[in-house]
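Residue numbers 284 to 596, in my numbering, belong to the letters of the first sequence in order.
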Amino acid sequence: MTSEQKKPLIVIVGPTAVGKTSISVNLAQRFDGEIVSADSRSFYRGMDIGTAKPTLEEMRGIPHHLINVADPDEIWNLAIFQRRAYQAIDEIHDRGKLPFLVGGTGQYIRSIIEGWRIPPQKPDYNIREALTLWADRIGAEALHERLEAIDPAAAEKIDYRNLRRTVRALEVILKTGTRFSELRQKQTCPYHPILLGIDRPREELYERIDERIETMLAEGLVQEVESLIRAGFSPELPTFSAIGYQEILQYLQGNISLEEATLLIKRNTRIFVRRQANWFKPDDPRITWFQASENLVDQMETTIRRRLNDLNK
RNA sequence: GCCGAGUUAGCUCAGUUGGUAGAGCACGCGACUGAAAAUCGCGGUGUCCACAGUUCGAUUCUGUGACUCGGCA
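What follows is the structure in structure tokens.
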């Protein structure tokens, strides 16, 4: 397949609370598009307020994919996302519509636009636990040395103090008999990605985050978490490691006050924004960046039209 | 007015038996291939309240002053 034959994929990236949701719905309306969400926390039903998931009204009739597709105890991940996103994008193309990949989970978006070949080994929680227990005895660094002995290339890319990633690499090697570094590949993106980034000054973003969190609390974030627990979902689920949920859980368990929880949510969201920015940098030549402004949607529309025309030449 | 405690990084504070100082948080930055809103890493020069004294040398000791917080009037 040559690059001329590849179909376009509009990709919209940007930090949380920058305004991606309403802008992408606007653009999708103008281009007869559909939206594929690339947001690791919007998969789960019942987690609406804390994830700032778009409401039906905000979607304004634009089909959204990969939102509300799992219960909180079905643990979705990168590989499942990638498979389902490819599928959703292909189906949108088949319908003759334009797909918009929109979201804040940088890793997921990169896996699509860079055509990652993810080591085909689904999580084995028993092995992970065993490896973790082993690390408790010998230390994370010693475990990393074991990895280095059998797969130096993988070990080199993983900090010896990062137990979780060391464990994953060993898990893959043990289960597949193949080096993690060999299974971890990049191919090319099956689509022609057109990347647009939205940004705002940090200070402004932080203000919007604080406001958004106050709104979440007013809209019943605490009740949302309570009802998930009441529905029988274990607080131990990785799903509840989401910002907003972990802190409210601490509050509900009586470990901290609601005020402390609120401060923590704000703080953790700010840290998250900085971490998010690592996936898409201002000097990334693949991305056309926009600062949030009045006529942002018009500007972005113009850019998309031009890029789509270039494709058809 | 008197007595006591305090004044050190944006904030909360530690510390220097006298040789110009360091934690947490904030903030900035980086890594990331089946938990990713996860996980992990890197980044600390600031009139040590001001002035004077002692001293080779004071943020540290002494004196005076300013301010803050308690208590008593």
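In this text, a Cβ means the ideal position worked out from N, Cα and C, and glycines have one as well. Computed from a predicted structure; not experimentally measured.
For HIS348, same chain residues with a beta-carbon under 6 Å away, outside a window of 5 residues either side, are VAL319, ALA371 in chain order. For SER305, no beta strand (DSSP E) run applies; the uninterrupted alpha helix (DSSP H) run containing it begins and ends at 303–314, by DSSP.
Around the C-beta of ALA418, 16 or more other C-beta atoms lie within 10 Å, and the residue is accordingly described as buried.
Segment contact: the region 581–589 against the region 304–316, three or more CB-CB distances shorter than 8 Å; contact assigned. In the DSSP annotation of this structure, the continuous segment of the beta strand (DSSP E) that includes VAL296 starts and ends at 291–296. Judged by DSSP in its simplified three-state form, VAL352 adopts coil rather than helix or strand. When DSSP assignments are scanned along the region 361–416, the uninterrupted stretches of alpha helix (DSSP H) that are 4 or more residues long and fall wholly within it turn out to be 361–377, 389–396.
Residue range 541–559 is occupied by the alpha helix (DSSP H) that includes THR545, with no beta strand (DSSP E) assigned at that position.
With contact defined as three or more Cβ pairs closer than 8 Å, the region 391–399 and the region 355–366 are in contact. If only complete runs of 3 or more residues are kept, the region 453–506 shows the beta strand (DSSP E) at 475–482, in order along the chain. In the three-state scheme derived from DSSP, where H, G and I count as helix and E and B as strand, SER517 is classed as coil. Note that the C-beta distance between PHE383 and GLU465 is not below 8 Å. Contact annotation: the region 567–575 does not touch the region 509–527, with fewer than three C-beta pairs closer than 8 Å. Short of 6 Å from the beta carbon of VAL352, and not among the five residues preceding or following it, lie these beta carbons of its own chain, in chain order: PHE326.
Counting only residues of its own chain and dropping the five nearest sequence neighbours on each side, ALA452 has a CB closer than 6 Å to the CB of LEU430, ALA437, PHE463. Ranked by how close their Cα comes to the Cα of GLU542, the residues LEU310, VAL505, THR471 have VAL505 in first place. Counting only residues of its own chain and dropping the five nearest sequence neighbours on each side, VAL301 has a CB closer than 6 Å to the CB of ILE481, ARG483.
For ILE570, the pairing in a beta bridge is given by DSSP as LEU478. When the alpha-carbon of ILE531 is set against those of LEU500, ASP373, VAL296, ILE421, the nearest one is in LEU500. Per DSSP, the beta-bridge partners of TYR327 are ALA353.
Nearest neighbour of ILE492 by Cα position, chosen from ARG553, GLU397, PRO291, ALA423, turns out to be ARG553.
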